[in-house]
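Okay, so here's the structure we're looking at.
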Amino acid sequence: MTALTAELIDRLEQVVGAAGLVRDPQDMARYLSDWRNAYRGRAALVVRPASTEEVAAVVRLCHQAGVALVPQGGNTGLCGGSIPDASGEQIVLSLTRMTRIRQVDPQNDTITVEAGVILQQLQEAAVAAGRMFPLSLGAEGSCTVGGNLATNAGGTAVLRYGNMRELTLGLEVVLPDGQVWNGLRGLRKDNTGYDLKQLFIGSEGTLGIITAAVLKLFPAVRSTTTAWVALPSSEASIELIGIMRGLCGDRLTGFELMSRQSVEFVLRHVVGCSDPFGQPHPWYVLIELGDTQPDAPLNELLETGLGEALERGVALDAVIASSGAQVQALWAIREGISEAQNHEGPSLKHDISVPVSGIPQFIEETDRQLLERFPGVRIVCYGHVGDGNLHYNISKPVGSEDAPFKAQHEAIMQVIYDATARFNGSISAEHGLGQAKRDAAARYKDPLELALMRSIKQAFDPAGLLNPGKVL
Ligand code: FAD
Ligand code: 2HG
Ligand code: ZN
């Protein structure tokens, strides 16, 4: 890899204009660390192209000069994938100026958007067309479609609609040498060989720069109902999801599990959030039902399911939201957990998955082991339980210094990942490997899978210039 020359900077400026280059250290700072300040890097430059042609020209110039690029969208990722290394020689390639919605096609139920479109804007464009785009997550006001694709983002509606992989029909990608692959086909069926788009989805910027995508649109949801339910144990959540699925089928669109510790952090730190019940309970779930019919009998279904759960002791208490404001208040508790945990000092984040039926035992065994070995650590466990995906996050003990907790990071992670492996799970169900889980993946993934991944990387990016040091 060679350092950036003044000539290369000039040529990049000719491509993207002065507005597309960020060189001032103060202006560059927000591209060089994540919102938690958990990862920090340095960069020679931030380049912000505004079109596919500009991205291609930038990538070509950097490829010729042997300069590494770190793609970045909204920089909301949770594993340091969008943060450059400490060398100061990499260039951050920000896609945030590529914000066009190129086409909305209600007849084919597709929308074609550029990589820098904010997820919330995409959702709004779908609504304006009388449709719905279902991906939904706490960072939707800042994360971009390109980042959602590159991490194969999940969120709170995967249970019903799938993650980004399942929502995508076509991609446009700038390859590491600057060639543009136009795979913007909106086809529902295409069996002409390997499905290349799926290689780029979830590749975390290591195989190509995603510049645009054709995404699926869905019928608008015209009725919803939401409940907050107190549970005696995490095991009860598995019984409850069984009850609700049996009754509601595909109308079950959200089922989020939260421990009391998670909710307590929110009540302590997120302004405006209050406990829906008068007394604490060990676990909670947030249930959402949705239907495309405006007058679907969702409340009746929910009441039937919750009635059965209360009778069997699966649920301890429940409230059904009676207004839009109450729905928002309940979701604010769930979506506030990330922010709230940040106020409690350093934390370790995990986005593991195990088979749904194994969740209660996973939690019980892992909690026990961790508390025996690291007394006082606070386990903040919550997540998309219907997908088998837990955020098994750990905050430092109350009153302890940061340094001893940080020194335990590796050992804590090992307990959690060993348990994940015992339950045939994955060490990353949602956020990706980035730099945070790269080394762990090398230990926990099958060696043959890793070798195949390395061959793919070598085939696409033999010079190793796209997001080096991430994933592999
Ligand atoms: P960035 O953070 O900018 O980048 C993420 C990765 O994608 C990096 O490796 C980067 O190099 C690569 N990349 C970005 N754009 C491109 C591109 N155009 N081409 C190629 N590579 C690219 N994630 C979930 O899956 N589910 C959740 O429920 C969820 N909730 C969250 C809640 C909060 C409060 C926060 C802060 C984050 C949450 N996340 C969640 C994580 C994060 O929001 C997602 O991973 C999101 O998809 C990242 O989008 P971004 O635009 O911010 O990407
Ligand atoms: C969520 O589900 C996100 O809220 C973020 O995936 C999880 O902050 C986290 O650990
Ligand atoms: Zn999540």
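For the sequence shown, position 466 matches number 465 in numbering that gives the first Met the number 0, and the numbering has no gaps at all.
For glycine and all other residues, C-beta sits at the position ideal for the given N, C-alpha and C.
* Can you tell me which of I208, K215 and V173 puts its alpha carbon nearest to the alpha carbon of R184? => Comparing Cα positions, the closest option is K215.
* To do: For the beta strand (DSSP E) containing K215, list its first residue and its last residue.
  => Its beta strand (DSSP E) spans residues I208 to K215.
* Limits of the alpha helix (DSSP H) - the one that T365 falls within -> Run containing T365: I358 to R372, per the alpha helix (DSSP H) assignment.
* Using 10 angstroms around the beta-carbon of G115, count the other beta-carbons present and answer buried if the total reaches 16, otherwise exposed. => Flag for G115 reads buried.
* Provide the residue(s) that pair with W227 in DSSP beta bridges, ordered along the chain. => Note: W227 sits in a beta bridge opposite L285 and V318.
* Asked: Which partner residues does W180 have in the DSSP bridge list?
  -> Note: W180 is bridge-paired with V172 in the DSSP secondary-structure output.
* Secondary structure of M412, DSSP reduced to three states -> The answer is helix: DSSP assigns M412 an H, G or I state.
* Quick one: Cα of S261 to Cα of L369, how far? -> For the pair S261 and L369, the Cα-to-Cα distance works out to about 17 Å.
* What is the chain-ordered set of residues for which the beta carbon lies under 7 Å from any non-hydrogen atom of the ligand ZN? -> Every residue with a CB closer than 7 Å to a heavy atom of the ligand ZN is listed here in chain order: L136, G153, G154, D350, G382, H383, N388, H390 and E429.
* Between which two residues does the alpha helix (DSSP H) harbouring P24 extend? -> Segment P24 to M27, the alpha helix (DSSP H) holding P24.
* Asked: DSSP three-state call for M0: helix, strand or coil?
  -> Note that M0 scores a pLDDT of 45, beneath 50, so its modelled location is shaky; the value from the coordinates is reported in the next line. In the structure shown, M0 falls within a coil segment according to DSSP collapsed to helix, strand and coil.
* Asked: Taking 7 Å as the cut-off, is the CB of S337 close to at least one heavy atom of the ligand 2HG?
  -> Within the cutoff, so yes.
* Closer than 7 Å: is that where the CB of K348 sits relative to any heavy atom of the ligand FAD? -> Not so, every heavy atom of the ligand FAD lies at least 7 Å from the Cβ.
* **Bounding residues of the alpha helix (DSSP H) (the contiguous stretch that carries C61)** => Here the alpha helix (DSSP H) through C61 covers T51 to A64.
* Nearest neighbour of L158, chosen from N36, G385, Q457 and M452 [CA to CA] -> L158 has its Cα closest to that of G385, out of N36, G385, Q457 and M452.
* To do: Kindly list the residues whose CB is nearer than 7 Å to the CB of Y38, restricted to its own chain and excluding five residues on each side of it in sequence; keep chain order.
  => Taking Y38 as the centre and dropping the five residues before and after it, the same chain places the C-beta of S32, G79, I82 and Q434 closer than 7 Å to its C-beta, in chain order.
* To do: Since I believe I415 is in contact with Y391 (beta carbons under 8 Å), could you give me their beta-carbon distance rounded to a whole number of angstroms?
  => 6 Å between Cβ atoms; contact.
* Classify Y30 as helix, strand or coil using the three-state DSSP reduction. => DSSP places Y30 in helix when its eight states are reduced to three.
* Let me know if G323 comes out buried or exposed under the rule of 16 or more other beta-carbons within 10 Å of its beta-carbon. => Classification of G323: exposed, given that the 10 Å Cβ count is below 16.
* Can you list the alpha helix (DSSP H) stretches of 4 or more residues lying completely in the segment 125–151, in chain order? -> Fully enclosed alpha helix (DSSP H) runs of 4 or longer: 144–149.
* Drop a sphere of 10 angstroms on the beta-carbon of Q340, count the other beta-carbons inside from all chains shown, and report buried for 16 or more, exposed for fewer. => So Q340 counts as buried.
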